[in-house]
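See structure below.
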Amino acid sequence: MGNDARPIGMFDSGFGGLTVARALIDLLPRESLVYFGDTARYPYGPRSAVDVATFAHQITDLLVSQHDVKAVVVACNTASAAALSSLQSSFDVPIFGVIEPGVRASTHVTSTQRVGVIGTVTTIGSGAYQRAFAEAAPAVDLVCAACPGFVEFVERGELNTDQALILAERLLAPVVDAGVDTLLLGCTHYPFLARTISRVMGRDVTLVSSADETAFDVLARSVAGDLSAAASVGDALAPAHRWISSGDVSTFERLGRSLLGPELVEVEPHSWTT
Ligand code: DGL
167 MGNDARPIGM FDSGFGGLTV ARALIDLLPR ESLVYFGDTA RYPYGPRSAV DVATFAHQIT
227 DLLVSQHDVK AVVVACNTAS AAALSSLQSS FDVPIFGVIE PGVRASTHVT STQRVGVIGT
287 VTTIGSGAYQ RAFAEAAPAV DLVCAACPGF VEFVERGELN TDQALILAER LLAPVVDAGV
347 DTLLLGCTHY PFLARTISRV MGRDVTLVSS ADETAFDVLA RSVAGDLSAA ASVGDALAPA
407 HRWISSGDVS TFERLGRSLL GPELVEVEPH SWTT
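Position in the sequence shown counted from 1, then plus 166, gives you this note's numbering.
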């Protein structure tokens, strides 16, 4: 194990990356996180890949240059699809995405090889999942559907409402009709709507989120020796997490804590205009 006490940086357009933050805190309890939620510019899903890539580079630069992070987790599928490889070639720290871990997790789960993936318009339109499955699991018969509107429900804190169910029934119809046995939630916001999505898909369909598998990737790298905060198991090293939002900090604090848990204590503002 290494002994690098610097924090791990991570970002999303808003609250979605908190699903990944939860998994990181649970799996790597000694690590400190700096989480950036770009709520002033959410949703990323309807934006062009060029815009999302620009935002991803700006935030990664901020995490690296102002917060001295030792790694960055792109806790957003839209940004991973638009910018993962350009981020990896532009920054010296390890950069983790969520697409490849999600593909790996769902190929472990499916027994029929009929897999659905849902995500934002930009993610699905980018073809990133189609390419990742074709490479990692060519036997999988993949059905993709964009789900515009899901992210907005989460950002408003309207989880599992009747309106969300009506929208889910409409958007998920092609995936239901395809008879998949596994549905990959290809947007980090979607696990917060899991009850609604599961209600529409039926109990026989397993929902897969990339959050845990992404955290396992970070753990694997950490165990390999160059990231870990603790010198040895048993060290009383208390992590210090920081939460930053480019939007309304009191909303981020209130809703963020209800979504993530008690570790989300105080939210710092960030303004893109200063
Ligand atoms: N949570 C993000 C994703 O995984 C972004 C969603 C959005 O802002 O539209 O795609």
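Glycine is no exception: its CB is placed at the ideal position from the N, C-alpha and C atoms.
Count the other CB atoms within 10 Å of the CB of residue i; is the residue buried (16 or more) or exposed (fewer)?
| i | result |
| --- | --- |
| residue 438 | exposed |
| residue 335 | exposed |
| residue 430 | buried |
| residue 399 | The predicted model places residue 399 with a pLDDT of 48, which falls under 50 and marks its position as unreliable, so this point remains unresolved. |
| residue 362 | buried |
| residue 188 | buried |
| residue 195 | exposed |
| residue 371 | buried |
| residue 278 | exposed |
| residue 274 | exposed |
| residue 397 | Bear in mind that the predicted position of residue 397 carries a pLDDT of just 49, short of 50, making it too unreliable to give a figure here. |
| residue 389 | exposed |
| residue 368 | exposed |
Could you give the residue range of the alpha helix (DSSP H) that holds residue i?
| i | result |
| --- | --- |
| residue 372 | First-last for residue 372: 372–375, but that is the beta strand (DSSP E), not the alpha helix (DSSP H). |
| residue 185 | 184–193 |
| residue 204 | Premise fails: residue 204 is in no alpha helix (DSSP H) and is neither H nor E. |
| residue 339 | 339–343 |
| residue 418 | 415–426 |
| residue 366 | 360–367 |
Does the beta-carbon distance from residue i to residue j come in below 8 angstroms?
| i | j | result |
| --- | --- | --- |
| residue 354 | residue 200 | no |
| residue 284 | residue 351 | yes |
| residue 229 | residue 240 | no |
| residue 182 | residue 233 | no |
| residue 443 | residue 379 | With the chain represented from 167 up to 440, any question about residue 443 goes unanswered, as that position is not in the structure. |
| residue 311 | residue 341 | yes |
| residue 455 | residue 244 | Summary: the structure shown does not reach residue 455, with the chain confined to residues 167 through 440, and so no result is reported for it. |
| residue 216 | residue 172 | no |
| residue 253 | residue 226 | yes |
| residue 325 | residue 316 | no |
| residue 323 | residue 421 | yes |
Per the DSSP calculation, residue i is bridged to which residue(s)?
| i | result |
| --- | --- |
| residue 434 | 410 |
| residue 174 | 199, 237 |
| residue 350 | 283, 374 |
Determine whether the Cβ of residue i lies closer than 8 angstroms to any Cβ atom of chain C.
| i | result |
| --- | --- |
| residue 285 | The structure shown contains no chain C, having only a single protein chain. |
Alpha helix (DSSP H) runs wholly inside the stretch 258–319, at least 4 long, in chain order: 265–275, 287–292, 294–302
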